[in-house]
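Asks: Can you read through this structure? Questions will come right after.
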Amino acid sequence: MKFIGAKEALNLSNKNKERRVEYYLDNIENDRKVNKIKRDIEKAILNGEKECQTVFWKKPNNERRTAILKYFSDLGYDISSHNGIYYVDFVQLHPTPRL
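Quick note: the sequence shown uses my numbering, first residue 8, plus one each step.
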């Protein structure tokens, strides 16, 4: 077995990470954490709030976290996370001007 160099190892690692993120994105609709965030968003909207936060006691791995952030960002939410807490903001940062 040939030992690979650092640059080649980094490229291989990045490709594998992208594959794992794609795996989570393929099954994102069935993800329990995504469904919990969706329920919290619905509750906040019904209560007239402009933001919500969801707390998970067990933090998801980095690839799953990246997939969750990408999924909600693609839906138009301003979402961030830190230590298993997801913060979702519904307010547009730059509202479109009315004509």
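Every residue gets a Cβ at the ideal spot worked out from N, C-alpha and C, and that includes glycine. A quick note: this is a predicted structure, and the numbers were derived from the prediction, not measured.
Quick check: the Cα distance between residue 20 and residue 45, rounded to an integer number of angstroms?
Replies: 31 angstroms
Asks: Check this for me: beta carbons of residue 48 and residue 95, under 8 angstroms apart or not?
Replies: For residue 48 and residue 95, yes; Cβs fall inside 8 angstroms.
Asks: What are the boundary residues of the beta strand (DSSP E) that residue 92 is part of?
Replies: 92-96
Asks: Provide the residue span of the alpha helix (DSSP H) that contains residue 15, from first to last.
Replies: 13-33
Asks: Beta carbon of residue 60: closer than 7 angstroms to some heavy atom of the ligand ADP?
Replies: As presented, the structure is devoid of all ligands, the ligand ADP included, so that no description of it is given.
Asks: What is the DSSP secondary structure of residue 38, counted as helix, strand or coil?
Replies: In the structure shown, residue 38 sits in coil (DSSP, three-state: anything other than H, G, I, E or B).
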